[in-house]
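Residue numbers (the working numbering), protein chains in the order written: chain W, 1 to 126; chain P, 1001 to 1126.
There are 2 protein chains.
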Amino acid sequence: MKKTRTTKAKLEIQELIAASPMALSQREIQNTLEGTCDRVTIYRVLYRLLDEGLIHKIVNTDGVIKYASCRSCTSKHDHDHIHFSCEKCQSVTCLEGVAPSYTLPEAYKVTEMNFTLSGLCPQCSS
Amino acid sequence: MKKTRTTKAKLEIQELIAASPMALSQREIQNTLEGTCDRVTIYRVLYRLLDEGLIHKIVNTDGVIKYASCRSCTSKHDHDHIHFSCEKCQSVTCLEGVAPSYTLPEAYKVTEMNFTLSGLCPQCSS
DNA sequence: TTATTTTTGCAACCTTGTTGCATTAATAGC
DNA sequence: GCTATTAATGCAACAAGGTTGCAAAAATAA
């Protein structure tokens, strides 16, 4: 079992995601860090953070993957919340309180859920 | 307003998607057609079919975009159904009957929904 | 059958994401 | 604090998905 190390890049990326009210893509992180570390490093750090359960992954409506902090999930993960993707400001946010309900045919075994609504966020619809 | 034309490529792609029980990616369509038409043509035909409301778009859990026929929606579109992405056989299918329910804060204006569950499909879980 | 306009094919390009490998930097043990 | 070990980084190169410009080919309208 590999041991994970605390590095400058990891700390910076982790703090950036934790401080951000919306989910960030690799590209957005890269633009914010502005050459602090390599593009590839960001991908690898994100992979590690995911692996350690510190962030979670959201597939945006255009197929781009975004990352957000795990806030509500403490000991065990529960990412059964809705995400909202604003068509105007392009932001993707977690709606932590909102969990959908649905009834599936028995035969399906669900392990993960990805639920994204798109439209206009409160800021853009007013 | 541009008028759309009925071409061989468009017909073939449309029929392929209509006949498929699962959603198809550009890549999968390309492999099936085997050189009938160019890669770029497929993208452009898919764009047209989407525009005409004959197919709908699903973002898979890995970010790859897939396309499926519009079956349940007749006059007006309603794509408020769940999609299922099987981790084993990689298939993405529409669960037409299953519509989730959720309560969103008022301020959000929803125009589209993308809900994909992943896990094992009936074929793979038995 | 011809004129017009849409589609197509091709080449080139961009973006996102991954891999291999040598170098650099954390950490554990002394 | 110093050294050995091993993880993390940077770089180059690559792969897949997707887009754009432009000339040539096919549908349609007249």
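Each residue gets a CB set at the ideal place from its N, CA and C atoms; glycine is no exception.
Between Asn31 (chain W) and Tyr1067 (chain P), what straight-line distance do the alpha-carbon atoms span, to the nearest angstrom?
In this structure, the straight-line span from the alpha carbon of Asn31 (chain W) to that of Tyr1067 (chain P) is close to 32 Å.
Taking 8 Å as the CB-CB limit, is Gly1035 (chain P) close to chain W?
No, because no Cβ of chain W sits closer than 8 Å to the Cβ of Gly1035 (chain P).
Determine the extent of the beta strand (DSSP E) in which Lys109 (chain W) is found, giving its start and end residues.
Under the DSSP assignment, Lys109 (chain W) falls in the beta strand (DSSP E) whose first and last residues are 109-120.
Buried versus exposed call for Arg1045 (chain P) [16 or more other C-beta atoms within 10 Å across all chains shown]:
Before going further, note that residue 1045 (chain P) is Val rather than Arg in the sequence given. Looking at its Cβ environment, which holds 16 or more other Cβ atoms inside 10 Å, Val1045 (chain P) is buried.
Please confirm whether Ser1125 (chain P) and Thr111 (chain W) have their CB atoms less than 8 Å apart.
No, Cβ-Cβ distance for Ser1125 (chain P) and Thr111 (chain W) is not below 8 Å.
Could you tell me if Ala23 (chain W) is buried or exposed, where buried requires 16 or more neighbouring beta carbons within 10 angstroms of its beta carbon?
buried
Spatial neighbours of Arg1039 (chain P) within its chain, please: C-beta separation below 8 Å, excluding the five flanking residues on both sides.
Gln1026, Gln1030
Anyone know if the C-beta pair for Ile82 (chain W) and Tyr1102 (chain P) falls short of 8 Å?
yes
Between the beta-carbon of Met1064 (chain P) and the beta-carbon of Gly63 (chain W), is there less than 8 Å?
Looking at the sequence shown, residue 1064 (chain P) is not Met but Val. Taking 8 Å as the Cβ cut-off, Val1064 (chain P) and Gly63 (chain W) qualify as a contacting pair.
Could you tell me which whole alpha helix (DSSP H) segments of length 4 or greater appear in the region 1038-1095 of chain P?
Counting only runs of at least 4 residues, the region 1038-1095 of chain P fully encloses the following alpha helix (DSSP H) elements, listed from N- to C-terminal order: 1039-1051.
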